[in-house]
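Heads up, the thing below is written out as structure tokens.
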Amino acid sequence: MGDVQGQAPDDRRPERHVRGAPEGRGPRGKLTALAGLLRDHYDAVEADFQRFYGVDLGGLWRGELSLRRVSALVTNLPPESATWAAENGEALGASRADVLLADIFQAVTGQPHPLRPQPKDRAAVERHESTAARLRAQRARVAAQRPKEAS
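Following the working numbering, the numbering of the sequence shown begins with 30 at its first residue and continues without gaps.
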């Protein structure tokens, strides 16, 4: 029997590269991290599921929720959720609306909002400030090198 039409013989098929699991994920996998989160912050996750999704987390133990669905829901909780606050050790996370309102306050008053959350990672803030300063200096150099336009 000959080859099936539309199917190349094995020696002519393109080689497929199978992508492995991404590296650098740390020692915990997705399910292990989920188990740890539920162990440490079950009440916060339960409250968030009810608040944001209208889903009873108890359904996990009754077989009504799969681990995959719980993982997907936890992964997509908004920053103002109790789970984020509990996991990051903060009282409350800031929603996009909170951040935008703080930006409007700063644009109108010229001062940062007094309740705006400050970033914890000072090194990241310093890198950002350093990069911004280098960009300003580069713009100034480029502007100085441009030939003056004749008026």
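For each residue, glycine too, the CB sits at the ideal point set by N, CA and C.
Exercise. If we count Cβ pairs, one from each stretch, closer than 8 Å, do we get three or more for the region 86–102 versus the region 127–143?
Worked result: Here the region 86–102 makes no contact with the region 127–143; the two share fewer than three CB pairs at distances below 8 Å.
Problem set entry | Nearest-angstrom Cα separation, counted from Val171 out to Arg98 | As a working note, residue 98 is residue 69 in the sequence shown. As a working note, residue 171 is residue 142 in the sequence shown. Cα-Cα distance, rounded: 53 Å.
For this session: Can you tell me the Cβ-Cβ gap for Ala115 and His70, rounded? I've got them flagged as a contact below 8 Å.
Result: Reading the sequence shown from its first residue, position 86 is the one you call residue 115. Reading the sequence shown from its first residue, position 41 is the one you call residue 70. Taking a contact as a CB-CB distance under 8 Å, the pair Ala115 and His70 counts as one, their CB atoms being some 4 Å apart.
Exercise. Rounded C-beta distance between Leu63 and Phe81? I'm assuming under 8 Å.
Worked result: The count along the sequence shown starts at 1 and reaches residue 63 at position 34. The count along the sequence shown starts at 1 and reaches residue 81 at position 52. A Cβ-Cβ separation of about 17 Å leaves Leu63 out of contact with Phe81 under the 8 Å criterion.
Problem set entry | Ala111 versus Asp77, Leu66, Gly58, residue with shortest Cα-Cα distance | On the sequence shown, residue 111 is found 82 positions in, with the first residue counted as 1. When the alpha-carbon of Ala111 is set against those of Asp77, Leu66, Gly58, the nearest one is in Asp77.
Exercise. Is it buried or exposed for Leu164, if we count other Cβ within 10 angstroms and need 16 for buried?
Worked result: Indexing the sequence shown from 1 puts residue 164 at position 135. Leu164 should be labelled exposed.
Exercise. Taking the continuous alpha helix (DSSP H) assigned at Val99, which residues delimit it?
Worked result: The sequence position of residue 99 within the sequence shown is 70, counting from 1. Here the alpha helix (DSSP H) through Val99 covers 96–104.
Exercise. Hey, Leu94 and Gly88 are a contact pair by Cβ (cut 8 Å); roughly how many whole angstroms apart?
Worked result: Along the sequence shown, read from residue 1 onward, the residue named residue 94 stands at position 65. Along the sequence shown, read from residue 1 onward, the residue named residue 88 stands at position 59. Indeed, because the Cβ distance is near 4 Å, the residues count as touching under 8 Å.
For this session: Could you have a look at Arg54 and say whether DSSP puts it in helix, strand or coil?
Result: Along the sequence shown, read from residue 1 onward, the residue named residue 54 stands at position 25. Summary for Arg54: the model assigns pLDDT 47, below 50, so the residue's position carries little reliability; its value from the coordinates is reported in the next sentence. Coil, per DSSP.
Exercise. For Gln140, which of helix, strand or coil comes out of DSSP?
Worked result: What you label residue 140 is simply residue 111 of the sequence shown in a count that begins at 1. Gln140: coil per DSSP, three-state reduction.
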